[in-house]
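Notes to accompany the following structure.
There are 2 protein chains.
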Amino acid sequence: MEILEKLGRDLRDKKFIVMLARCSVSYEGRARSFLGTGDRLIIIKNDSSIIVHQPVGAMHVNYMKNAYISVNGSTIIARSSDGRERLIIEIEDIYDYSSRRMIDNESITLSGDEREMQEYIYEHPDIISRDFKPLSREAITRYGYIDILGVEQGSYVIVECKRIKAGMPEVEQLHRYVERFKKEKGVERVIGVMIAPSISDPAYRYLMDKGYRFVRFSPPGILRKQGKRHKDLNQFLNGN
Amino acid sequence: MEILEKLGRDLRDKKFIVMLARCSVSYEGRARSFLGTGDRLIIIKNDSSIIVHQPVGAMHVNYMKNAYISVNGSTIIARSSDGRERLIIEIEDIYDYSSRRMIDNESITLSGDEREMQEYIYEHPDIISRDFKPLSREAITRYGYIDILGVEQGSYVIVECKRIKAGMPEVEQLHRYVERFKKEKGVERVIGVMIAPSISDPAYRYLMDKGYRFVRFSPPGILRKQGKRHKDLNQFLNGN
DNA sequence: GGGGAGAGATGCCGC
DNA sequence: GCGGCATTTCTCCCC
């Protein structure tokens, strides 16, 4: 396949390369994987990242960032920069091949993320409670990465924000911050608040067990699945 | 651009489509994003997944799984199946276009994952300790998803496996299982063991604070970065 | 379908 | 470089 010679030149020229090919793929490094023969899309980017896509699914099936890529016969070999990983693509047929110089100076701007939610709550503290007064945001202190720290009726309040449904790990995160804060600050009473659009039933129970508070809040302007209204605590105590 | 008419036909035919194009991309749904004009790779798969790649980086910049995709003039519009998300690509120029019927009946096989590590430890319990006797693996009981449950000198042992370096959340996971197990089983003494190739310093301190044990172990046959030998506990107590 | 947890997670930011 | 943490996380698996 003389097109593989062109591939060699394009690799040296750091071009953006796209191939539709029948191939098999094997990987060894942080784990091992093998993918038998089939039709795939192979992408080699300007920065020598290599990505393999199957005909379905949003995610790649194999990839390597910033690889050293070489061609040997009909085999493409990619090695990671630290030498501990290896991706091998055996090309059986090339259906389509194109290479280009691609120019893109833009980078994506994202909004509606957790940081934005934090800012919103910081600006609208009454979402937490009528008496809540925020003190600091993203407090990267030795107590941990507290999303929002504030006070309420003379007690410290630690707020943990989640833009999506909260689960067990999120409750534990809050608990860790509260415990550390208590210990290092030497205070007895610290109020823990989890604020999220929804929370899983087990996580809610866990949160209540720890004596923390849940505030339901969906960041405005985000189209998100509406969580079901949460059962009252009594239903947990009586039911099950 | 008459090629956009071909795109319409290919979409109806559920072909695999690859385009190199200058375009801008906006997304709205679980969050919002905007990406100004630049050269991009646009992939539309057999299952109507749509993916946008910039010229560098292993990850896509925008995507949508299983979308409803339509073309209006030079605009590609993808809507999520639940109607809550929208991806809009404004095409300014098409450099390259190809479409194909792609056939791939293979699926990837992966080894060297955590399950394999669990199996290995279960078969070689002396890795944990000379007296450790495993009882069950992946115990999805009401005590939680315990990786390995066993006994040692008449005490229950809960083992949490990590194939990569353990951090704070992993220690908390172990702690949660131990606490639940104690409470629901009504036993006082339960031994907690974290087994991983390495552990972060803060996580190690946290683990020691809780009174648990760390076992350094790298699954065999995996090329993984060698973690530095961990400092002795005394260094933590004396230092800082 | 919900929930928990792993992933070759990746990527970002702060120290 | 390490560490913690969010991610339009995605994916699998079990209940």
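Taken in order, these protein sequences are the chains called A and B.
Residues in the first sequence are numbered consecutively from 110, following this note's numbering.
Residues in the second sequence are numbered consecutively from 110, following this note's numbering.
Ideal Cβ positions, reconstructed from N, Cα and C, are used throughout, including at glycine.
The structure presented is a predicted model; accordingly, all values stated were derived computationally and were not measured.
Cβ contact annotation for Gly276(B) (same chain, cutoff 6 Å, sequence separation greater than five): Ser309 and Ala312, in chain order.
For the segment 163–182 of chain B, the beta-carbon criterion of a distance under 7 Å to any beta-carbon of chain A is satisfied by Gln163, Pro164, Val165, Gly166, Ala167, Val170, Tyr172 and Lys174.
Closer than 8 Å to the CB of Leu283(A) there is not a single CB belonging to chain B. Residue pairing by DSSP places Ser208(A) opposite Ile126(A) in a beta bridge. Of all residues in the segment 136–147 of chain B, those with a C-beta nearer than 8 Å to a C-beta of chain A are Glu137, Gly138, Arg139, Ala140, Arg141, Ser142, Phe143, Leu144, Gly145, Thr146 and Gly147, reading in chain order. For Glu215(A), the closest of Ala187(B), Leu258(B) and Ser142(B) by C-alpha to C-alpha distance is Ser142(B).
Each residue's CA atom was taken as its position, placing Val296(B) and Phe290(B) some 8 Å apart. The shortest C-alpha to C-alpha distance from Val161(A) to any of Glu269(A), Ser220(A) and Ile198(A) is the one to Ile198(A). Among the residues facing chain B, Met226(A) is not included, as its CB has no counterpart in that chain under 8 Å away. Under DSSP, Asn181(B) takes part in a beta bridge, and its partners are Thr184(B).
CA-to-CA, the gap between Met168(A) and Ser179(A) works out to about 24 Å. The three-state reading of DSSP puts Ile237(A) in coil, since its state is none of H, G, I, E or B. The segment 227–243 of chain B and the segment 261–277 of chain B touch, with no fewer than 3 CB-CB distances between them shorter than 8 Å. Ile304(B) is classed as buried because its beta carbon has at least 16 other beta carbons within 10 Å across all chains shown.
A direct Cα-to-Cα measurement between Lys292(A) and Tyr254(A) gives close to 16 Å. Within the same chain, Lys271 come within 6 Å of Glu279(B) by CB-CB distance, once the 5 residues on both sides are set aside. Judged by pairs of C-beta atoms under 8 Å, the segment 115–135 of chain A does not touch the segment 182–201 of chain B, as fewer than three such pairs exist. For Gly221(B), the nearest CB of chain A lies under 8 Å from its own CB, placing it at the interface with that chain.
Using a Cβ-Cβ cut-off of 8 Å, Ile308(B) does not count as an interface residue toward chain A, since no Cβ of chain A sits closer than that to its own.
At least one CB atom of chain B sits nearer than 8 Å to the CB of Met277(A). Looking at the DSSP output, Ile257(A) bridges to Arg246(A) and Val268(A). In the structure shown, Glu194(A) adopts coil according to DSSP, grouped into three states.
The continuous beta strand (DSSP E) containing Ile159(A) extends over residues Ile159 to His162.
For Ala305(A), the uninterrupted beta strand (DSSP E) run begins and ends at Val299 to Ala305, by DSSP. Arg209(A) reaches chain B at Leu129, Asp148, Tyr204 and Asp205, counting residues in chain order whose Cβ is nearer than 8 Å. The Cβ atoms of Ser183(A) and Leu113(A) lie closer than 8 Å to each other. Collapsing the DSSP output to three states places Arg149(B) in a strand.
Ile152(B) sits buried, since 16 or more C-beta atoms from the chains shown fall within 10 Å of its C-beta. Within its own chain, the residues whose Cβ lies closer than 8 Å to the Cβ of Lys115(B), once the five positions on either side in sequence are excluded, are Tyr206 and Ser208, listed in chain order. In this structure, Gly166(A) sits near Ser158(B), with a CB-CB distance shorter than 8 Å.
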